[in-house]
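Data first, discussion second: the structure below is written as structure tokens.
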Amino acid sequence: MSKVGITAQNGALRSSQCSLKIPKRKKNVQEESENISRAASQNSGEIVEALTLFEVVSMGKRAIQSVVDDWIEAYKEDQDIALLDLINFFIQCSGCKGMVTAEMFQSRHNSTVINKMSEEFDKETGLQYKKFMAYPWILSVTWPMAMDSENYPLVKPGSYWKKFKTNFSELIVVLMQQSQYNIIYDGYLMDTVISLLTGLAESQVRALRHTSTLAAMKLLTALVSVTLNLHDSFNNNQRLYEVEKNRLTGRRTNYRLDQLEKKKEELEMKHLEIQTMINAVLKGIFLQRYRDVVPDIRALCIEEMGVWMKMCPHMFLNDSYLKYIGWMLNDKQPNVRLKSLLSLQGLYDKKKLISKMDLFTNRFKDRIVSMTLDRDKEVAAEAMKLLIYMSQNCEDVFMSEDCEILYQFVYAAHRPLAAAAGEFLYKRLLSQQRTEEELICGKKGKFGQNARYLKTLLIFFLDNELHDHVTYLVDSLWDCASSLLKDWECMTALLLEDCKEEEEGLNNAHKSALIEVIIASMQQAMDGHPPAGRELTRKVLSAKEKKLQFEDCARITEHFILVLPQLLSKYSAHANEVANLLQIPQYFDLDVYCTAHLEKHLDALLKQMKDIAEKHSDLKVLEACSRSYSFLCNEQLIIYSQVCHARNQLIDEFVIKLNQLLDNFLQEGENVCTNEGGICQISTSLRKVAAFYNAHNLTRWNLYNRTSQLLDLEMECRCVPAEVVLPALQCTYYALLWQLTTIMERSSSKETLLLLRTQTMHFCEICRNYLNHNNKAIQEQSFTLLCDLLMILSHQETEDEVLKVLSYSPDSSLQSELLTFIQDHVFIKESKEMKEKWEERKEEDYIKLNQFHQRRRILSSYCKLIVYNVVEMAAATEIYKQYMTSYNEFGDIIKETMSRTQQQNRTERAKTLILCLQQNIKSNWNR
74 MSKVGITAQN
84 GALRSSQCSL
94 KIPKRKKNVQ
104 EESENISRAA
114 SQNSGEIVEA
124 LTLFEVVSMG
134 KRAIQSVVDD
144 WIEAYKEDQD
154 IALLDLINFF
164 IQCSGCKGMV
174 TAEMFQSRHN
184 STVINKMSEE
194 FDKETGLQYK
204 KFMAYPWILS
214 VTWPMAMDSE
224 NYPLVKPGSY
234 WKKFKTNFSE
244 LIVVLMQQSQ
254 YNIIYDGYLM
264 DTVISLLTGL
274 AESQVRALRH
284 TSTLAAMKLL
294 TALVSVTLNL
304 HDSFNNNQRL
314 YEVEKNRLTG
324 RRTNYRLDQL
334 EKKKEELEMK
344 HLEIQTMINA
354 VLKGIFLQRY
364 RDVVPDIRAL
374 CIEEMGVWMK
384 MCPHMFLNDS
394 YLKYIGWMLN
404 DKQPNVRLKS
414 LLSLQGLYDK
424 KKLISKMDLF
434 TNRFKDRIVS
444 MTLDRDKEVA
454 AEAMKLLIYM
464 SQNCEDVFMS
474 EDCEILYQFV
484 YAAHRPLAAA
494 AGEFLYKRLL
504 SQQRTEEELI
514 CGKKGKFGQN
524 ARYLKTLLIF
534 FLDNELHDHV
544 TYLVDSLWDC
554 ASSLLKDWEC
564 MTALLLEDCK
574 EEEEGLNNAH
584 KSALIEVIIA
594 SMQQAMDGHP
604 PAGRELTRKV
614 LSAKEKKLQF
624 EDCARITEHF
634 ILVLPQLLSK
644 YSAHANEVAN
654 LLQIPQYFDL
664 DVYCTAHLEK
674 HLDALLKQMK
684 DIAEKHSDLK
694 VLEACSRSYS
704 FLCNEQLIIY
714 SQVCHARNQL
724 IDEFVIKLNQ
734 LLDNFLQEGE
744 NVCTNEGGIC
754 QISTSLRKVA
764 AFYNAHNLTR
774 WNLYNRTSQL
784 LDLEMECRCV
794 PAEVVLPALQ
804 CTYYALLWQL
814 TTIMERSSSK
824 ETLLLLRTQT
834 MHFCEICRNY
844 LNHNNKAIQE
854 QSFTLLCDLL
864 MILSHQETED
874 EVLKVLSYSP
884 DSSLQSELLT
894 FIQDHVFIKE
904 SKEMKEKWEE
914 RKEEDYIKLN
924 QFHQRRRILS
934 SYCKLIVYNV
944 VEMAAATEIY
954 KQYMTSYNEF
964 GDIIKETMSR
974 TQQQNRTERA
984 KTLILCLQQN
994 IKSNWNR
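Below, the structure written as structure tokens:
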């Protein structure tokens, strides 16, 4: 037994030093090893510094090819020195800070030495020892126990170490590729390397185990590639052999045939040797490490297993190996489950491989379906993508019940999962609807195929009864079916057609849903962002996406400028449909009306909008109509004067009618409730005016005095119906805001400011009085408007003495009333009787949900006053007290309030929290 070794060079790039120790009598060997294929040479008197393999990998991919060629040449000259250099490389890449000694062992059969192979810890020196055989070497690795086993090159963060890992893997693959025709079969190199990696993979130290396992898996991948090359060479040789044999039929064999026969035997022997190496790595490393305690090691084993199956399915794609991937689908760590799914995606994507996976599919299909509910969102999304491949290439693998469950993920909040589910829905439900009729131009002409697709989609949407989620459905389908969703010509053709036979066309529910799809698809095309609530950071649009957005805008404008008046005319009696259709003008390029000489279509649109505003009293329709007028009334547009004239005419009619009704109404005094018809007309007129007042400045019509008279009458005698008071409150509020906006934009006299202050103070008193109204809706709206107005008025303090007149802050009495309102209307503890009552009225759950959202809005309005110092921060103690008891309902609002108040004033926020804790402790003590 003899000792041979080398010492690692100093200054390895971003690495820890590790050395192979060598006796002095072998100093010449040491010097030779340090300079393997990178020897220090003199060129013009300049000495070139030697590089280690570790430094080459650290430098980058460019040097790998040449250094591998140099190492192979060095190996041919001296196998032992080159192998020690390679051993040193593996140890260094593990981040080892210790020392490695290598002893030459001449016999495999000395059981005394083999039994000494161990891993020990010396408490006195604090050093860890590992001794193992990498035949013909016996390696002893020594390193300090304090070594950080969780901070080694393969797991260090940053792009540099990520690149290092890639280069490390690349070097091993290149080494095998370059040596596959010579030294790989010498019976020395591969035995030593496999023995080394097997010994390191059994270490208790994570760094050694992880690094050696990665090296072994990449080594096996390279060996599989070598096997494929041998297989190709064998087939080529066999064909040549058959050709030569047929050419020499009836004659004795010649030299060429003998050479081919020898080549065949040689390839068979090489294939057998490679197979032996592969089995050694599989049994010695993979079967031990695929269940390692470290998730990263398990993940890389499963990832490489998927690569082997794709590269060499005849060898690896069988149930004996597939079971390992199947088992890892149940791993506790999401990264391991993710790698298993990605490996399976590469297999199920190839239809020719499916026949070998029937048993696996039947065994693990249910598990893969259940993984769409995985807690890790990325795993769930990849599971859905895998199911897409399975659905495409596996016949009858999914029952209808499975599909119905998977379809629902189009409404998921995580967009990658929803998009994958959208693709599954499109390919499974829509694309498979192709029939022979679609190949023949039928009644719907070129729209035949898309019309059937759309009807199928609408049926799916309506069957789910999630009528507020069409934007999520469209967003989920956008990546895979945007051409279908942007076929607005087909959609409008379906909406405008009149079918006598109900079954041939769309019913009313279908048409209503189709209009929602049109609006959602326009929004998606023009915004390019997912809907609110769907998790995805807003991205900056590329030049290509902006160009596509411009083209979509042109298509929308060109088509809907012509057909929108027709659609509004046909569906003018349907509130929901009209409200949605009125959103379309906001996506127009309005200059087209003039540049394309389409003014007659603008007149038709304005006529329909006027008819709708006069006909409907539904608030949703009125607000949509008001927003459309606001969008069209852009002073920068040529059509401004035409639209503005039409809008003013409409408002004139509304105001004249409202004034006439109010004159009669106020004359009746306390007997107003007796005239139900008049009340309904006044309520409708006020809602129309309020809807337009929200988006348009109606100050010229001087509506404040009329609406405030109504509110004063209600404050005095409580005789005005709620359906009149509510829109009157809105009109009065909007009147004040528009006056305030006008004053801020241009200077006004002090008398005007004093009048506005008087009006705002009077409105605040009205709202304050209504906080104790017997109608809950009036109470809540008064509170919301009062909070909003306080937010505006309390921030009007400027250096301008004139504007200071408008500043107003609530006194302590008003602050107390606001806090009491919150306690009485937001933090409500439902009794058992109330809960049972709601459970009995399950068909009206939406009522409870709307009330819940209203409570959240009220709390948000008050919390804004706290955050912006409109009310004292100490008032927040009563809010913070409810954090734990009302966490599910209002926890996010309270938490955000805490965060914002900390930004405003850390000291006051800390005092508020202390006061809250004191009051809680005191109340618990009194109990």
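In terms of this note's numbering, the sequence shown opens at residue 74 and continues consecutively. Each residue gets a CB set at the ideal place from its N, CA and C atoms; glycine is no exception.
- Of the candidates Q522, L395, S139, the residue whose Cα lies closest to the Cα of L420 is L395.
- For the region 787-835, the continuous alpha helix (DSSP H) assignments of 4+ residues that do not extend past its boundaries occur at 795-818, in sequence order.
- Note that the C-beta distance between S934 and C840 is not below 8 Å.
- Under DSSP, H304 forms no beta bridge with any residue.
- A straight line joining the alpha-carbon of H674 with that of P638 spans about 8 Å.
- The region 364-372 and the region 324-340 do not touch, with fewer than 3 CB-CB distances between them shorter than 8 Å.
- With contacts defined by Cβ atoms closer than 8 Å, Y941 and M864 form a contacting pair.
- Taking the CA atoms as reference points, L621 sits about 12 Å from S555.
- Just so you know, the alpha carbons of L567 and I588 end up roughly 10 Å apart.
- Listed as beta-bridge partners of H542 by DSSP are no residues whatsoever.
- In this structure H670 is exposed. Its beta-carbon is surrounded by fewer than 16 other beta-carbon atoms within 10 angstroms.
- Shortest Cα-Cα distance from L829 to any of L710, L810, R819, N845 involves L810.
- Taking 8 Å as the cut-off, the beta carbon of V214 is found no closer than this to the beta carbon of I245.
- Nearest neighbour of P604 by Cα position, chosen from L799, L813, V543, S889, turns out to be V543.
- Taking a cut-off of 8 Å for Cβ pairs, the region 944-954 and the region 984-997 touch, as three or more such pairs fall below it.
- With contacts defined as CB atoms closer than 8 Å, Y843 and Y807 fail to qualify as a contacting pair.
- For the pair V716 and L705, the CB atoms are nearer than the 8 Å cut-off.
- Using a 10 angstroms sphere on the CB of D664, the tally of other CB atoms stays under 16, which defines it as exposed.
- Secondary structure of C626 (DSSP, three-state): helix.
- For the pair S882 and S867, the CB atoms are nearer than the 8 Å cut-off.
- Between the region 376-387 and the region 408-427 there are three or more C-beta pairs closer than 8 Å, enough to call the two in contact.
- Around the Cβ of D897, a 10 Å sphere holds fewer than 16 other Cβ atoms; the residue is exposed.
- By the criterion of a C-beta distance shorter than 7 Å, L490 is surrounded in its chain by K450, A453, A454, M457, F482, once the five residues flanking it on both sides are discounted.
- In this structure, E468 is the residue among Q955, Q522, L345, E468 with its C-alpha nearest to the C-alpha of I427.
- Contact between E696 and A764 holds: CB atoms are separated by about 5 Å, below the 8 Å threshold.
- Between the C-alpha atoms of L735 and H769 there is a straight-line separation of about 22 Å.
- With a minimum length of 3 residues, there is no unbroken run of beta strand (DSSP E) contained wholly in the region 125-173.
- Here the C-alpha atom of N778 lies approximately 24 Å from the C-alpha atom of K877.
- With respect to the 8 Å criterion, L273 and R279 are not classified as neighbours on the basis of their beta carbons.
- Contact between D392 and L432 holds: their C-beta atoms lie close to 5 Å from each other, under 8 Å.
- Nearest neighbour of K683 by Cα position, chosen from E796, E708, S642, turns out to be S642.
- Restricting attention to Y484, Q138, K680, the CA atom closest to the CA of G606 is found in Y484.
- Between the region 747-760 and the region 711-725, the count of C-beta pairs closer than 8 Å stays below three; the two stretches do not touch.
- Straight-line measurement puts the Cα of L692 at about 21 Å from the Cα of R928.
- Q812 sits close to T772, with the two beta carbons spaced by under 8 Å.
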